[in-house]
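Student:
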Amino acid sequence: MMNLKVMMFMFVVSVVLQVAYGQHHIRCLPNERDALLQFKAAIVDDYDMLSSWTTPDCCQWEGILCNNLTAHIIRLDLHGEVHYEYFYRNGYYGVSRRYISGEIHMSLTELRHLQYFNLSFNDFRETNIPEFLGSLTNLRYLDLSSCHFSGQIPTQISSLTHLKYLNLADNYYLDGSIPREIGNLSRLEYLDLSGNSFEGYIPSQLGNLSNLHQLYLGEGIVTSDEWLSNLTSLTHLSFNSISNFNSSPSWLRTIAKLPKLRELSLSECGLSDHFLLSFNPSNFNFSTSLSVLSLFENSFTQPMIFQWVSNTTSNLVELDLSWNLLKGEDLKCV
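Numbering (our numbering), first residue to last: 5 to 338.
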C-alpha cells in the first residue's frame with residue numbers, strides 16, 4: 005500500500021514538472037480541431053495565414069494557444085497585418101496587407117474555453133458580427149476592430165460577462181444604436197466603439213461599467229451626463245463626433261471631475277470659443293492628473309483658447325488643436 009502511494013506521488017510530481025518545464029506535449033482535442041477546420045473552410049485565405057492548419061496537432065497551428073493541462077484552446081489570434089511604407093523618390097505611400105475574409109463559421113461555438121479572440125484588421129465586409137459569439141462565455145478579450153463588419157452590435161454580446169477588453173472600433177459600417185446591454189459587462193476595463201456609424205443616444209447603462217479604465221466613443225448624441233460620473237476609474241476618455249456636445253455644458257464639468265483622467269479627446273465635436281470660454285477658470289479646473297488633451301478639428305478661432313487651457317490645467321504636457329480655424333498670425337502671439 006505504501007509503495008502504491010509513493011508511486012502515485014512520483015507520478016503527480018512527474019506530471020507537474022513536465023508541465024512546468026514544457027516537456028509535456030499537449031495535443032489538441034479532436035472536436036476542437038474539427039471546429040477550426042470548419043472555420044477554415046468558410047474563410048478566404050489569400051495570404052496563407054492558415055497554411056499551418058494541416059498537421060494533426062492544432063495546438064501547434066499559427067494563432068492557436070492551448071491550455072497545458074486540459075488541451076482546450078484558450079487563445080485564437082488571427083489578426084491581420086497592415087504595413088505603410090513611404091517611397092521617398094516617388095513621394096507616395098504604399099500599403100501592404102495580410103488578412104483573411106469570408107464568413108465566421110458557427111463551429112467556433114465548440115471552443116467553449118476560449119478566453120482570447122482577436123480578428124482585428126481582417127475583411128469581413130457585408131457580414132454582421134455573429135450572434136453566436138455570445139455563447140463564448142469564457143472570453144476575457146475580444147477584438148473585432150477594423151474588420152468592415154456591418155449591421156448592428158448583437159445584444160447577445162452582453163452574455164460575455166467575463167470580458168475585460170472589447171474593441172469594435174473602425175468598422176465604419178456598424179450602425180443602429182449602441183446596445184444598452186453592454187452595460188451588463190461590468191468587468192470591462194477597455195471599451196472602444198469609435199469609428200462606426202451609430203445613431204441615437206449613448207446609453208446611460210454604460211455608467212454600470214465602473215471598472216473601465218479606457219473608453220472611446222464616437223458618432224452619437226449625449227443626453228444626461230450622470231452616468232459618466234460613475235466611471236471614476238477612467239484614465240483615458242475619447243468623445244469624437246458627438247453631434248450635440250456643444251450644447252451640453254454639464255458634460256465638460258463632469259469630465260473635469262474624473263479624478264484619474266490622464267488623456268482626454270474631444271475631437272470633431274463642434275466645440276467653439278464661446279462654448280469653452282463660458283467656463284470661468286476661477287471655478288472650473290480639470291483634474292491634476294490630466295496630461296494629454298486633444299481638441300482636434302473643432303471650431304476654435306481665437307488664440308485666447310491657449311490661455312484658457314493654461315488656466316484650467318496644471319500638468320498638461322500635450323495639447324492638440326490642429327485642424328481648427330486658428331490662423332498662423334494668431335499662433336505667433338501665443
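The beta carbon of each residue, even a glycine, is placed where N, CA and C say it ideally should be.
1) Does the stretch 202-215 come within contact of the stretch 257-275, defined as at least 3 CB pairs closer than 8 Å?
2) Within a Cβ cutoff of 6 Å, which residues of the same chain sit near Ser245, ignoring the five residues on either side of it in sequence?
3) Does the Cβ of Ala173 have 16 or more other Cβ atoms within 10 Å, making it buried, or fewer, making it exposed?
4) Quick one: what's got a C-beta closer than 8 Å to Asn200's C-beta in the same chain, skipping five residues either side?
5) If contacts are defined as beta-carbon pairs under 8 Å, then Pro134 and Ile108 qualify, I think. What distance do you get, rounded to the angstrom?
6) Roughly how many angstroms separate the alpha carbons of Arg102 and Arg79, rounded to a whole number?
7) Alpha carbon to alpha carbon, how far is His166 from Glu267? Give it in angstroms, no decimals.
8) Ignoring anything shorter than 3 residues, give me the beta strand (DSSP E) runs that lie fully in the stretch 247-324, in order along the chain.
9) Within 10 angstroms of its Cβ, does Ala39 collect 16 or more other Cβ (buried), or is it exposed?
10) For Cys63 versus Ala75, is the C-beta spacing smaller than 8 Å?
11) Could you pull the DSSP bridge partners for Asn171 from this structure?
12) Cβ atoms of Ile161 and Gly138: under 8 Å apart, would you say?
13) With Asp81 as the anchor, note down where its beta strand (DSSP E) starts and where it stops.
14) At the level of alpha carbons, what is the spacing between Leu325 and Ser295?
15) Given a cut-off of 8 Å, decide if Leu170 and Tyr194 are closer than it, judged by their beta-carbon atoms.
16) May I ask you to list the residues that DSSP assigns as paired with Phe360?
17) Please report the distance separating the alpha-carbon of Arg144 from that of Thr305.
18) So, are the CB atoms of Phe249 and Val226 less than 8 Å apart?
19) Along the chain, where does the alpha helix (DSSP H) containing Glu223 start, and where does it finish?
20) Considering just the uninterrupted stretch of the beta strand (DSSP E) at Asn122, what are its terminal residues?
21) Assign Gln119 to one of two classes, buried (16 or more other C-beta atoms within 10 Å of its C-beta) or exposed (fewer than that).
22) For Phe128, which residues does DSSP report across the bridge?
23) Nearest-angstrom Cα distance between Gln311 and Asn284?
24) Determine the direct distance from the alpha carbon of Thr159 to that of Arg184, and round the result to whole angstroms.
25) Could you tell me the distance, in whole angstroms, from the CA atom of Ser149 to the CA atom of Asp49?
26) With 16 as the cutoff for other CB atoms within 10 Å, does Arg31 come out buried or exposed?
27) Where Glu322 and Ser291 are concerned, what is the direct C-alpha to C-alpha distance, given to the nearest angstrom?
28) Under the three-state reduction of DSSP, which class applies to Phe243: helix, strand or coil?
29) Which class does Leu41 belong to by DSSP, given the choice of helix, strand or coil?
Tutor: For this structure:
1) no
2) Gly222, Glu223 and Glu272
3) buried
4) Leu172, Ala173, Asp174, Asn175, Tyr176, Tyr177, Leu178, Asp179, Gly222 and Glu223
5) 5 Å
6) 20 Å
7) 26 Å
8) 267-269, 296-298 and 322-324
9) buried
10) yes
11) Asp147 and Asp196
12) yes
13) Ile77 to Asp81
14) 15 Å
15) yes
16) Nothing in the structure corresponds to residue 360, since the chain is present only between 5 and 338.
17) 45 Å
18) yes
19) Unbroken run through Glu223 is the beta strand (DSSP E), Gln218 to Gly224; no alpha helix (DSSP H).
20) Tyr120 to Asn122
21) buried
22) Looking at the DSSP assignment, Phe128 forms no beta bridge with any residue, so it has no partner.
23) 12 Å
24) 8 Å
25) 19 Å
26) exposed
27) 15 Å
28) strand
29) helix
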